[in-house]
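Trainee: I'd like to ask some things about the structure below.
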Amino acid sequence: MIEPINERKVRDLNEKHVTELEKEFIETPQVFSVLIGHVIRPDATLESIQKEGYPYIEILGGNHTRQALQNLSKRNKSIQRVCIDVYKDLSTTEAIMLGVQHNAKHEHSRHTTFEDLVKLFRRLHKDCQSKEVLPKKRAALWRQEIANIMGMEGERAKNSFKTHMHVAAVDESLWKVLEDFFQSWRLNKISGKPRGDMKQTHIQPWTLCDKTIRQQLLRDVTDGNITFPKFKENCLKGYVSLQCMLYNIS
Numbered sequence: 000m001i002e003p004i005n006e007r008k009v010r011d012l013n014e015k016h017v018t019e020l021e022k023e024f025i026e027t028p029q030v031f032s033v034l035i036g037h038v039i040r041p042d043a044t045l046e047s048i049q050k051e052g053y054p055y056i057e058i059l060g061g062n063h064t065r066q067a068l069q070n071l072s073k074r075n076k077s078i079q080r081v082c083i084d085v086y087k088d089l090s091t092t093e094a095i096m097l098g099v100q101h102n103a104k105h106e107h108s109r110h111t112t113f114e115d116l117v118k119l120f121r122r123l124h125k126d127c128q129s130k131e132v133l134p135k136k137r138a139a140l141w142r143q144e145i146a147n148i149m150g151m152e153g154e155r156a157k158n159s160f161k162t163h164m165h166v167a168a169v170d171e172s173l174w175k176v177l178e179d180f181f182q183s184w185r186l187n188k189i190s191g192k193p194r195g196d197m198k199q200t201h202i203q204p205w206t207l208c209d210k211t212i213r214q215q216l217l218r219d220v221t222d223g224n225i226t227f228p229k230f231k232e233n234c235l236k237g238y239v240s241l242q243c244m245l246y247n248i249s
């Protein structure tokens with residue numbers, strides 16, 4: 000079993016979650032769920048993939064479980080065999096969709112966070128930007144790709160993930176600042192932030208405010224110059240200011 004290549008990976012491994020799973024598997028063997036595998040060798044046969052140690056199966060769903068089990072195996076811990084639903088010849092969209100669905104259904108999966116989805120959508124956005132079609136068509140392809148992966152109709156996906164897509168599509172210079180913001184949130188370095196993972200409601204006001212102040216707002220809250228409540232307050236002021244300019248209100 001191996002980790003999926005970047006194009007077919009829903010998110011990066013979270014080492015803390017891997018460690019938690021290792022402990023859980025030692026205390027309660029066989030608590031892990033069925034994994035989702037993707038055979039990457041075009042010449043693979045049913046006989047070949049059943050051989051012990053077959054190295055060409057990417058784990059699309061249950062990648063944290065895979066890593067935890069392999070870590071335990073290296074430490075000579077007794078681990079039972081794991082069940083895998085195996086697929087072959089999947090498209091990138093199909094592979095990611097299976098990974099997302101697995102994470103949503105299984106209790107031992109680390110839930111897919113807002114940040115996870117934003118980074119996934121940004122990767123898809125960059126892929127669509129490389130296609131030789133008109134910009135409007137690229138945007139439509141991107142939205143449809145997201146809808147396919149999330150198993151939704153296009154309009155529903157657009158409404159459900161409006162904030163995610165807005166954040167994922169920012170320019171490169173702003174994205175670098177966003178990555179710092181995400182990291183500071185994960186490390187609990189944002190003063191006054193709510194506990195737990197970032198949710199779309201935490202950053203939605205930022206997506207609505209004047210574009211000219213977005214980067215500075217992120218830098219201020221990431222660097223500790225303002226608290227998170229003040230960040231949201233300033234985002235709201237930036238939104239009101241933008242509306243005043245749009246409607247020429249003095």
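Under numbering that gives the first Met the number 0, think of the first position of the sequence shown as 0, with each following residue one higher.
Idealized CB from N, CA, C, for every residue including glycine.
Owing to the predicted nature of the structure, the values given are computational and were not obtained by experimental measurement.
(1) By DSSP, does V169 sit in helix, in strand, or in coil?
(2) Find out if the Cβ-Cβ distance for the pair R34, I95 is shorter than 8 angstroms.
(3) At which residues does the alpha helix (DSSP H) containing V117 begin and terminate?
(4) Taking just the CA atoms, how far does R7 sit from F120?
(5) Since D84 is in the beta strand (DSSP E), which residue starts that stretch and which ends it?
(6) Hey, how far is the Cα of Q203 from the Cα of G195?
(7) How many angstroms separate the CA atom of S249 from the CA atom of G150?
(8) Find out if the Cβ-Cβ distance for the pair H163, V117 is shorter than 8 angstroms.
(9) If you count every other CB in all the chains shown that lies within 10 Å of the CB of T64, and 16 or more means buried, which is it?
(10) Within 10 Å of its beta-carbon, does R74 have 16 or more other beta-carbons around it, so buried, or fewer, so exposed?
(11) Taking the DSSP output, what are the residues bridged to L34?
(12) For I25, which of helix, strand or coil comes out of DSSP?
(13) Quick check: the Cα distance between N233 and L216, rounded to an integer number of angstroms?
(14) With a threshold of 16 other CB atoms inside 10 Å of the CB of H110, please say whether the residue is buried or exposed.
(15) Does DSSP put I145 in a helix, a strand or coil?
(16) Residue range of the beta strand (DSSP E) that L256 falls in?
(17) Return the bridge partner residues of I58 from the DSSP annotation.
(18) Closest to N187 by CA distance: which of T226, D11, T27, G237 is it?
(19) DSSP three-state label for I225, please.
(20) By Cβ distance, which residues of its chain are closer than 6 angstroms to A103, with the 5 residues on each side in sequence left out?
(21) Helix, strand or coil for I189? Go by DSSP, reduced to three states.
(22) If you follow the alpha helix (DSSP H) that G153 is in, where does it begin and where does it stop?
(23) Quick one: is D170 buried, meaning 16 or more other Cβ sit within 10 Å of its Cβ, or exposed?
(24) Once you ignore the five residues that flank N70 on each side, which residues in its own chain have a CB closer than 8 angstroms to its CB?
Mentor: Judging by the given coordinates:
(1) coil
(2) Correcting the residue type first, residue 34 is Leu in the shown sequence and not Arg. No, Cβ-Cβ distance for L34 and I95 is not below 8 angstroms.
(3) 113–128
(4) 12 angstroms
(5) 83–87
(6) 17 angstroms
(7) Any reading at S249 is ruled out, since the residue's pLDDT is 48, under 50, leaving its predicted position unreliable.
(8) yes
(9) buried
(10) exposed
(11) I83
(12) helix
(13) 8 angstroms
(14) exposed
(15) helix
(16) Lying before the first or after the last residue shown, residue 256 is absent from the chain, which here runs from 0 to 249.
(17) G36
(18) T226
(19) coil
(20) none
(21) coil
(22) 153–159
(23) exposed
(24) V17, E21
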